[in-house]
Ligand code: ADP
Ligand code: MG
């Protein structure tokens with residue numbers, strides 16, 4: 163008997179263990195048993211060549227009569243495998259980038275082949291099929307096919323599916339599954355089978371129902387263990403002794419509210435009250451504020467910051483880019499007016515200061531900012547990740563606001579939290595709205611508040627796709643729209659996917675032409691369609707001072723058209739800009755486009771966003787653009803986005819580790835499981851924070867954390 167935690171070599175031979183480790187990163191017996199089949203080949207679908215239907219998936223059983231292969235392009239290797247069925251019909255299969263298949267599929271060997279039936283050069287064939295060898299040499303005996311379902315595993319060159327299958331079967335015959343990490347009552351409540359039955363069912367199902375039951379149980383495992391980790395984190399954070407920062411009558415917040423030029427939306431009021439209440443508690447607040455682009459998150463955050471300053475503390479606002487930090491500092495000062503001019507002539511009776519700290523500012527400016535933060539004169543300190551550096555100290559940091567969370571990792575948040583005398587309250591803001599259950603997982607240790615309504619009088623952004631492939635003349639019309647708006651005193655953004663100049667690393671790795679570049683487009687526009695307008699550039703390779711100057715001039719209306727990269731994606735707030743042209747829009751993601759478009763339509767005038775693309779109708783990138791054009795609902799779009807991305811990409815940016823630990827769980831599909839697992843996890847952790855009474859669960863949590871740590875180290 164071997165335990166799940168044992169090294170692989172305890173269950174399979176040394177060379178096999180090495181192949182599984184090198185090829186598939188499987189280290190332990192448990193890793194192998196949690197390497198689930200990608201899919202199953204059904205014997206029932208066996209079809210003679212003559213009956214294959216183009217467009218359907220099919221499995222054939224056949225003998226190899228010829229196998230050759232060659233490189234047909236750099237990075238594209240093609241194997242041609244000719245096979246013959248019982249009726250002596252033949253066909254040739256093309257398999258790509260699996261050079262080892264010729265060694266496996268030698269002349270005379272029999273195998274199942276399965277894939278989608280396609281017509282190629284007048285002949286029917288299977289597109290890049292999977293296969294399962296069918297002879298003794300491969301260790302697959304005929305009786306193993308007595309079952310209906312043959313597992314097909316994610317494979318690697320030295321660890322093909324057959325080898326994985328053999329190792330799994332061997333391991334299943336000798337493994338000690340140990341105690342079940344899911345408590346028995348929980349399994350009963352949710353109708354979940356035990357771990358052993360699930361692992362056997364997923365690898366060696368007798369019928370499809372076995373797979374269904376196993377999947378459900380194993381999905382639960384992942385959701386539950388993850389939620390337990392997050393619940394523990396939340397409980398631990400809550401148990402910390404922070405400092406209550408209650409509102410104070412007659413302070414900055416009251417003065418600010420009295421001078422506010424608009425009425426807060428119902429959502430802003432409600433979330434404002436929620437934050438005010440939590441800030442008044444000794445347990446540190448730990449909250450995510452998500453809301454549509456332009457929903458007014460900054461005001462909500464500023465009001466929370468003022469409450470903290472009123473109670474004698476300081477607030478830090480962490481922004482992901484230099485441009486955004488500068489803009490935040492400027493707009494906070496503007497919103498606060500005399501309330502931010504402490505120590506100056508004309509300051510209000512109660513007043514504070516806003517300091518700005520970025521990585522590339524001059525030594526003098528930096529010294530001043532450090533001083534203001536250190537002696538407490540600055541109630542609000544705005545900065546980039548430079549705020550995290552060691553030389554930065556606060557008198558009494560009471561609240562950390564992190565803007566546009568998707569650019570920050572857990573570690574960075576923690577670094578800033580460590581700068582308080584007691585753990586500060588934390589408010590994370592994001593404009594990438596995601597469904598609540600996903601927020602629970604991606605930002606699972608945060609409570610979530612959502613601002614769903616936009617301030618009144620906001621005209622929606624009209625979005626249209628400009629398909630230059632089908633309608634080349636429409637690009638001209640786009641520039642005409644820009645000229646019209648500028649003539650009416652408005653401003654425009656032109657967004658490009660690249661900066662240009664020498665960026666060898668940006669040269670497309672696929673066969674597509676590189677996207678258009680800011681430097682080229684700027685020249686083209688100045689000498690062509692936008693001749694005579696004041697056109698400037700903004701991109702990441704410019705010096706920070708230059709970026710700031712351009713942004714300020716654009717804000718003041720001294721620049722008509724800003725040709726930029728996605729540096730303007732987040733936070734840039736110039737209500738007079740009412741038109742945006744995104745070039746090669748297909749190079750951007752859905753959420754990114756939604757963010758970009760949020761830069762126009764911040765005033766009361768109807769704004770226009772044109773997505774220029776030369777992709778064909780029906781192409782997946784084009785479908786994405788159509789989705790962006792068809793709705794302005796960020797939640798709908800985030801779903802479109804999530805559906806097209808892999809889980810790991812979704813989680814990877816926000817939460818280290820969880821990336822590799824999710825095998826079965828799909829954030830969108832399994833929302834219900836996540837919700838139920840979260841409730842169960844909270845209940846378990848409330849009773850038993852350290853899981854003393856749940857040793858198997860405690861071990862599963864440790865395994866997950868170890869994986870997370872290993873992952874983090876790898877990234878660092
Ligand atoms: P975001 O949520 O995208 O960060 P901001 O906080 O930048 O949005 O707000 C966008 C704009 O809307 C700002 O110019 C802000 O002053 C304005 N705004 C915020 N709340 C309201 C409101 N209740 N009524 C009118 N305008 C508002
Ligand atoms: Mg914002």
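In the numbering used here, the protein residues as written are 163 to 878. Quick reminder that beta carbons are idealized off the backbone N, C-alpha and C, glycines included. Note that the structure is a prediction, hence the values are computed from the model and not measured.
Distance cut-off 6 Å: residue i Cβ against heavy atoms of the ligand ADP
i, result
"residue 581", "no"
"residue 455", "yes"
"residue 459", "yes"
"residue 405", "no"
"residue 427", "yes"
"residue 722", "no"
"residue 622", "no"
"residue 617", "yes"
"residue 556", "no"
"residue 735", "yes"
"residue 424", "yes"
Rounded distance between the beta-carbons of residue j and residue i, thought under 8 Å
i, j, result
"residue 487", "residue 518", "7 Å"
"residue 202", "residue 311", "4 Å"
"residue 774", "residue 640", "7 Å"
"residue 263", "residue 245", "Rounded, the Cβ-Cβ distance is 12 Å, inconsistent with contact."
"residue 680", "residue 726", "7 Å"
"residue 291", "residue 276", "6 Å"
"residue 345", "residue 856", "6 Å"
"residue 628", "residue 762", "The Cβ separation is near 15 Å, so there is no contact."
"residue 191", "residue 220", "Going by Cβ atoms, the distance from residue 191 to residue 220 rounds to 35 Å, so no, they are not a contact pair."
Cα-Cα separation between residue i and residue j, rounded to whole angstroms
i, j, result
"residue 677", "residue 749", "7 Å"
"residue 617", "residue 319", "56 Å"
"residue 688", "residue 756", "27 Å"
"residue 457", "residue 428", "11 Å"
"residue 389", "residue 608", "12 Å"
"residue 747", "residue 632", "15 Å"
"residue 163", "residue 279", "44 Å"
"residue 199", "residue 373", "10 Å"
"residue 770", "residue 737", "13 Å"
"residue 660", "residue 778", "21 Å"
"residue 794", "residue 236", "42 Å"
"residue 613", "residue 562", "19 Å"
"residue 323", "residue 314", "6 Å"
"residue 465", "residue 515", "15 Å"
"residue 881", "residue 801", "Any answer about residue 881 is impossible in this case: the structure gives the chain only from 163 up to 878."
"residue 413", "residue 500", "13 Å"
"residue 471", "residue 527", "23 Å"
"residue 433", "residue 449", "11 Å"
"residue 339", "residue 209", "39 Å"
"residue 462", "residue 430", "6 Å"
"residue 270", "residue 365", "28 Å"
"residue 520", "residue 218", "58 Å"
"residue 411", "residue 438", "13 Å"
"residue 188", "residue 179", "8 Å"
"residue 403", "residue 724", "48 Å"
"residue 638", "residue 691", "8 Å"
"residue 370", "residue 626", "46 Å"
Per DSSP, the bridge partner or partners of residue i
i, result
"residue 501", "None, per the DSSP bridge assignment."
"residue 542", "477, 516"
"residue 587", "561"
"residue 447", "Paired residue(s): none; residue 447 is not in a bridge."
"residue 235", "238"
"residue 629", "775"
"residue 841", "According to DSSP, residue 841 bridges with nothing at all."
"residue 254", "244"
"residue 725", "656, 699"
"residue 313", "202"
"residue 742", "655, 771"
"residue 611", "451"
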